[in-house]
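There are 2 protein chains.
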Amino acid sequence: MKLEHTKVLLPLAAGCGRLPPEQLPIQRMIFLLGGSGYVGQAYQQLLRAKGVPYRSLQRSTLDYTDPQVLLAALRRDRPDFLINAAGYTGKPNVDACEYDKTNCLFGNAVLPGRIAQACEEAGVPWGHVSSGCIFTGSRPDGSGFTEEDTPNFTFRQNNCSFYSGTKALGEEVLAGSGNVYLWRLRIPFNNIDSPRNYLSKLMNYDKLLDAANSISELDEFVAATFACWENHVPFGTYNVTNPGAVTTREVVDLIQQSGVCSKSFRFFTDETDFMNTAASTPRSNCIMDSGKLLAAGITMSPVHQAIENALARWQSSPTRTLAP
Amino acid sequence: MKLEHTKVLLPLAAGCGRLPPEQLPIQRMIFLLGGSGYVGQAYQQLLRAKGVPYRSLQRSTLDYTDPQVLLAALRRDRPDFLINAAGYTGKPNVDACEYDKTNCLFGNAVLPGRIAQACEEAGVPWGHVSSGCIFTGSRPDGSGFTEEDTPNFTFRQNNCSFYSGTKALGEEVLAGSGNVYLWRLRIPFNNIDSPRNYLSKLMNYDKLLDAANSISELDEFVAATFACWENHVPFGTYNVTNPGAVTTREVVDLIQQSGVCSKSFRFFTDETDFMNTAASTPRSNCIMDSGKLLAAGITMSPVHQAIENALARWQSSPTRTLAP
Numbered sequence: 005m006k007l008e009h010t011k012v013l014l015p016l017a018a019g020c021g022r023l024p025p026e027q028l029p030i031q032r033m034i035f036l037l038g039g040s041g042y043v044g045q046a047y048q049q050l051l052r053a054k055g056v057p058y059r060s061l062q063r064s065t066l067d068y069t070d071p072q073v074l075l076a077a078l079r080r081d082r083p084d085f086l087i088n089a090a091g092y093t094g095k096p097n098v099d100a101c102e103y104d105k106t107n108c109l110f111g112n113a114v115l116p117g118r119i120a121q122a123c124e125e126a127g128v129p130w131g132h133v134s135s136g137c138i139f140t141g142s143r144p145d146g147s148g149f150t151e152e153d154t155p156n157f158t159f160r161q162n163n164c165s166f167y168s169g170t171k172a173l174g175e176e177v178l179a180g181s182g183n184v185y186l187w188r189l190r191i192p193f194n195n196i197d198s199p200r201n202y203l204s205k206l207m208n209y210d211k212l213l214d215a216a217n218s219i220s221e222l223d224e225f226v227a228a229t230f231a232c233w234e235n236h237v238p239f240g241t242y243n244v245t246n247p248g249a250v251t252t253r254e255v256v257d258l259i260q261q262s263g264v265c266s267k268s269f270r271f272f273t274d275e276t277d278f279m280n281t282a283a284s285t286p287r288s289n290c291i292m293d294s295g296k297l298l299a300a301g302i303t304m305s306p307v308h309q310a311i312e313n314a315l316a317r318w319q320s321s322p323t324r325t326l327a328p
Numbered sequence: 005m006k007l008e009h010t011k012v013l014l015p016l017a018a019g020c021g022r023l024p025p026e027q028l029p030i031q032r033m034i035f036l037l038g039g040s041g042y043v044g045q046a047y048q049q050l051l052r053a054k055g056v057p058y059r060s061l062q063r064s065t066l067d068y069t070d071p072q073v074l075l076a077a078l079r080r081d082r083p084d085f086l087i088n089a090a091g092y093t094g095k096p097n098v099d100a101c102e103y104d105k106t107n108c109l110f111g112n113a114v115l116p117g118r119i120a121q122a123c124e125e126a127g128v129p130w131g132h133v134s135s136g137c138i139f140t141g142s143r144p145d146g147s148g149f150t151e152e153d154t155p156n157f158t159f160r161q162n163n164c165s166f167y168s169g170t171k172a173l174g175e176e177v178l179a180g181s182g183n184v185y186l187w188r189l190r191i192p193f194n195n196i197d198s199p200r201n202y203l204s205k206l207m208n209y210d211k212l213l214d215a216a217n218s219i220s221e222l223d224e225f226v227a228a229t230f231a232c233w234e235n236h237v238p239f240g241t242y243n244v245t246n247p248g249a250v251t252t253r254e255v256v257d258l259i260q261q262s263g264v265c266s267k268s269f270r271f272f273t274d275e276t277d278f279m280n281t282a283a284s285t286p287r288s289n290c291i292m293d294s295g296k297l298l299a300a301g302i303t304m305s306p307v308h309q310a311i312e313n314a315l316a317r318w319q320s321s322p323t324r325t326l327a328p
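Order-wise, the sequence lines are chains A and B. Per this note's numbering, residue 5 is the first one in the first sequence, and the count goes up by one each step. Per this note's numbering, residue 5 is the first one in the second sequence, and the count goes up by one each step.
Structure below.
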């Protein structure tokens, strides 16, 4: 099993201790699953910054993949909310899922169902980090897919990677569950160089595939999703991407304009060239409509601006060298 | 979790103790998973009858769904072979899987992958009870599907029950695994009245859907599959159905001719009528070709004869009443 987990943190964040106990607001406490992963770490940073007490469950000490174990923990600690940032994405990329189907299927489709079962029994509302990578392309008129559209990059279309198939099955397993948010993330990035950061990936791949995508600035993603719960937004599915879409060539232009990396980027001729030479499984490239989130009062910055901001505050990893 | 399990039995069957130790043949020992299920019980009966020592693993005492736990047991007990008869079929019928997708997906697709992982690491060959219900219809010329045909009643065709989807995913997860048999069972029956016996089901349903199917006499199924291992048949996928196909009306005629049940059977007008009034998810009705098994030297009786034999030796359940 390669699901992410991390150390158990103190249940109360330091910032909450400034007021005398009688003046403290009612303490909220959050359970976080997958806290050591790329997305989970961003949640930890957010919760610490907001002073929200949370417990990042570690599978080695509390096997939350066992619904009875999770249920007992929920009943004991009585968290107000649970965030599932655990999942199986494949490393270094989605191709790896093709070679570890058992764990991919378990982490992305069975685990969400087990969490739903435990949360339902314990009466704990929760949020699940789903993926927009269960879509490909755009609506016929070129606009983004809404939450009303049926995923079209799934096992049921027989056109997808095993990863996307399992993420779509995860949504299918959760269909009908109450008190749960399904937050669709897509191709996360931010200003911190990382093997999981889309901008870092583009700077480090030998050749790129040009495609239009809606993508998610990671820190905005975790803030927006947490705001769903804080603001009592109705439960359900939300596309949590920065408004708009961006092509790979546009991102590359922004990277070059920023001065972060000035190498000459090379592109595959087309998707066939990419599939023949660089990939074992098809990628989702798609445009999402994030209007439902906006209508719920939660804003994210337009995608080009989010990329510019990340590049303007870019922090290179000291251990990695970007090609000149 | 509703996977089948049963009591641990003595590892050595009584019949093996008749010879003095120095004359005993080399002891074989089998691990059986799902031994308390409808198929698993038939394996237990077979193994007892053959005097083959086996251990029927019980999840309550040894959680074989955890690959590390199973691996440790395999390394400790060193069985020669493992039979996986555990799976999630839905009770009273396949419709139930639509309402428990998490456990269905886990039992039918993740668990086989975990068993494969443990068996591979321990170097233990094994057999998996798969299902022919990942096909629908027949080949264009009306003949049965062979092991070379791609399953056509799966998530990837988007035409199937959740049960069939998960069984097909289970085969997909096992693709490329070495030292494993995939034995495709279809609509099991034998001479013992049971809620899981196809003949009992037909006698107890209010109305029937007429369709042509290849089906598996349960005791012949377990004998044929075990013979695969005993006879060193090459690993791989085998359709383990009684040769030929039979329509529901033909089975009903055989039931009436046998005198086991003389009620007037009623039929749905067609599949649409059936789906509209009696079922929540589509059924697999299909014809299989069992020639590969026969070519490997393992025979099963022709399907009509197998049904006649079962009815001729029919044992009614004392707790159940068949309509006159």
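Beta carbons are placed, not taken as given, at the ideal position from N, Cα and C, and that holds for glycine.
- With a contact defined as Cβ atoms closer than 8 Å, B/S294 and B/P238 miss out at about 16 Å.
- Less than 8 Å separates the beta-carbon of B/L258 from that of B/L315.
- Annotation: the continuous alpha helix (DSSP H) that includes B/S168 extends over F166 to L178.
- Those residues of the stretch 103–122 of chain A placed with their C-beta closer than 7 Å to a C-beta in chain B are K105, T106, L109, F110, A113, V114, G117, R118 and Q121, ordered along the chain.
- Secondary structure note for B/Y92: it is in no beta strand (DSSP E), with a DSSP letter that is neither H nor E.
- DSSP, read as helix, strand or coil, puts B/L66 in coil.
- When the beta-carbon positions are compared, B/S268 and B/T245 stay at least 8 Å from each other.
- The beta carbon of B/L74 sits no closer than 8 Å to any beta carbon of chain A.
- Look at A/R32 here: in three-state DSSP terms it is coil, with no helix or strand label.
- Comparing C-alpha distances from A/I34 to each of A/Q49, A/S142, A/R82 and A/S198 shows the shortest one belongs to A/R82.
- Apart from sequence neighbours up to five positions away, the residues of its chain that approach B/F272 with a beta-carbon distance below 6 Å are K211, L213 and F278, ordered along the chain.
- In this structure, B/K171 sits away from A/G117, with a CB-CB distance that is not shorter than 8 Å.
- At a cut-off of 8 Å, the C-beta of A/N162 has a neighbouring C-beta in chain B.
- Between B/P199 and B/P192, the alpha-carbon positions lie close to 11 Å from each other.
- Not a single CB atom of chain A sits nearer than 8 Å to the CB of B/E221.
- Checking the DSSP bridge columns, you'll see A/K211 partnered with A/R270.
- Annotation: the continuous beta strand (DSSP E) that includes A/G240 extends over G240 to N243.
- Identification of residues in the stretch 173–189 of chain B having a C-beta nearer than 8 Å to some C-beta of chain A yields L173, E176 and V177, given in sequence order.
- Nearest CB-CB separation between A/F159 and chain B: below the 8 Å threshold.
- About 17 Å separates the CB atoms of B/S204 and B/V307; that is not less than 8 Å, and the two are not in contact.
- The C-beta of B/R160 has 16 or more other C-beta atoms within 10 Å across all chains shown, which makes the residue buried.
- In this structure, the CA atom of A/R253 is about 14 Å from the CA atom of A/N289.
- With a beta-carbon spacing of about 20 Å, A/A120 and A/G41 fall beyond the 8 Å limit used to define contacts.
- Counting C-beta pairs with one atom in each stretch, the stretch 98–115 of chain A and the stretch 168–182 of chain A have three or more that are closer than 8 Å, which means they touch.
- For B/Y58, the enclosing beta strand (DSSP E) covers residues Y58 to L61.
- The alpha-carbon separation between B/S284 and B/V98 amounts to approximately 9 Å.
- DSSP places A/Y185 in the uninterrupted beta strand (DSSP E) bounded by V184 to L189.
- Annotation: the continuous alpha helix (DSSP H) that includes A/F230 extends over L222 to E234.
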